[in-house]
Amino acid sequence: MRDIFPVMMDVFSRMTVLFFHAGQISSHVEQKWENDGPTVEHAGHSRGTPEGFLPNPFPQAKENKRPPSPSVLPGNPALFEKSLAEEIRSFEPSGSNVIITIRFHVPKEVNMMAVKLFEPYTVKNVTFPNRIVMSPMCMYSCFEEDGKPGDFHFTHYTSRAVGKVGLIILEATGVLPEGRISDRDLGIWSDAHIEGLAKLVSAIKQYGAKAGIQLAHAGRKARVKNGDIFAPSPLRFSDEYKLPKEMTRDDIRRTVKAFKDAAERAKKSGFDVIEIHAAHGYLINQFLSPLTNQRKDAYGGTSENRCRLLFEIIGEVKTVWDGPLFVRISASDHHAGGLVADDYVEIAKQLKKLGVDLIDVSSGGVVPDAQFRVYPGYQVPFAEKIKREADIPVGAVGLITSPLQAEEILQNGRADLIFLGRELLRNPYWPYHAAKELGHPLEAPEQYRRGWI
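So for the sequence shown, this note's numbering puts the first residue at -16; every next one is plus one.
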């Protein structure tokens, strides 16, 4: 399978949209060796009603002609042309079934390409052993509700380190107690959190992974039981949430300082990377979006004003943190009147000037009635756009599940790191399976070597 990913996945990613929205999916790949490289036939079968699909990505398929050039290997046009799918073998809409078969021809030059997923990646003075990142995901498992990591966190995170994930980013960690998404979130608002976090960092690093932490404030999406919650404007997220208080200037200054103090504690705890959570409708994202920010002062109205809180937080964090700094964004609000990818290209340009090292590109979460389709790799185009137009490294995230899919994203320069979420919940040893599928040698932990042969 390693030999076919650069040419196959770009075309297959277009097919996936068609398949995924149809409902149930099954597919198979048959590989044959001919001439100087393999010929691959990929047939995808989808049950569903063809009407209502996204536009056919191969409009000339019925004539059995070669598809238009996908963006494979943009740096080598000659190889790029040679590597295209030779023909659409068939396109057969029939009742509730759609069957597409594509034949690929892969030259020797492509067979020799190195696997980028397992290349080291360096940011400032930190080198990740590979480009696989565990995306921050809330676990809601601080059962004492004190923000301190417990047995679950040690088991959860170190198992992914054993599984050879390159960078593990801890879940959204509250910089203030009222800024937690839930009472069971991790916290970093007190020096009392440093000891437990430092032990967790040490455990992660013991197995070769790097450790990151996501600093967060939930704003109006905080579901803490006691006390008030705060937001740029007094707008509920939904009827199930508290009505937030509009933040005063003093509240804003306190929050900016809380992020700075949290960054200093993260440094004392030994983290390699800090990520600022500016996505998914949490506090910073609430300031950024006109859907949730109705302020009339210096923190609302214009794009410059709505970005002010994020930029101030970055400025203060960088006074105490000189390591790699990531920012997670929602590149689209997926709602009329909200922010779109073009807006975030401009924001990303400013983040680069402020010294942010990488943008972790997600989307949505700002309002409960957002409208968007979810399919494999659905957020990758946002990452690609920001990388190319803002000229800043990015991480791609969102239904990236297969090694070939991840490798295609990297080989085509669409992102620099692959963030995996649910896939690592399903399989802590995904990197091992990816290495095996892509033909890359990956040394097993000594204790597990018998099982990884």
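Think of the CB as a built atom: it goes at the ideal place given N, C-alpha and C, for glycine as much as any other residue. Nothing here was measured: the structure is a model prediction, and the numbers come from that model.
Residues 111, 114 of the same chain have their beta carbon placed closer than 6 Å to that of residue 104, with the five preceding and five following residues left out of the count. The C-beta distance from residue 413 to residue 406 rounds to 6 Å, short enough to fall under 8 Å. Within the same chain, 211, 213 come within 6 Å of residue 228 by CB-CB distance, once the 5 residues on both sides are set aside. When DSSP assignments are scanned along the region 302 to 356, the uninterrupted stretches of beta strand (DSSP E) that are 3 or more residues long and fall wholly within it turn out to be 308 to 313, 341 to 345. Nearest C-alpha to residue 274 among 349, 266, 265, 290: 349. Bounds of the alpha helix (DSSP H) holding residue 368 are 363 to 373.
Between the alpha carbons of residue 146 and residue 265 lies a distance of about 30 Å. Using a Cβ distance threshold of 7 Å, residue 344 and residue 365 count as a contacting pair.
By the criterion of a C-beta distance shorter than 7 Å, residue 164 is surrounded in its chain by 121, 155, 201, 204, 205, 206, once the five residues flanking it on both sides are discounted.
Between the alpha carbons of residue 323 and residue 429 lies a gap of roughly 47 Å.
Around the beta carbon of residue 108, a 10 Å sphere encloses fewer than 16 other beta carbons of the protein chains shown; the residue is thus reported as exposed.
Taking 7 Å as the cut-off, the Cβ atoms of residue 158 and residue 198 count as close.
When Cβ pairs closer than 8 Å are counted between the two stretches, the region 247 to 255 is seen to touch the region 177 to 196, the count reaching three or more. Distance from the Cα of residue 333 is smallest, within the candidate group 317, 353, 347, 287, for 287. Going by DSSP, residue 403 is part of the beta strand (DSSP E) stretching over 400 to 403.
Per DSSP, the unbroken beta strand (DSSP E) holding residue 104 starts and ends at 104 to 106. Pairwise C-beta distances place the region 290 to 308 out of contact with the region 349 to 363, as fewer than three of them are shorter than 8 Å. Residue range 150 to 157 is occupied by the beta strand (DSSP E) that includes residue 154. In this structure, residue 176 lies near residue 130, with their beta-carbon atoms less than 7 Å apart. Taking every protein chain shown into account, the CB of residue 374 has fewer than 16 other CB atoms within 10 angstroms, so this residue is exposed. Under the three-state reduction of DSSP output, residue 208 falls in the coil class, being neither helix nor strand. Taking a contact as a CB-CB distance under 8 Å, the pair residue 377 and residue 353 does not count as one, their CB atoms being some 22 Å apart.
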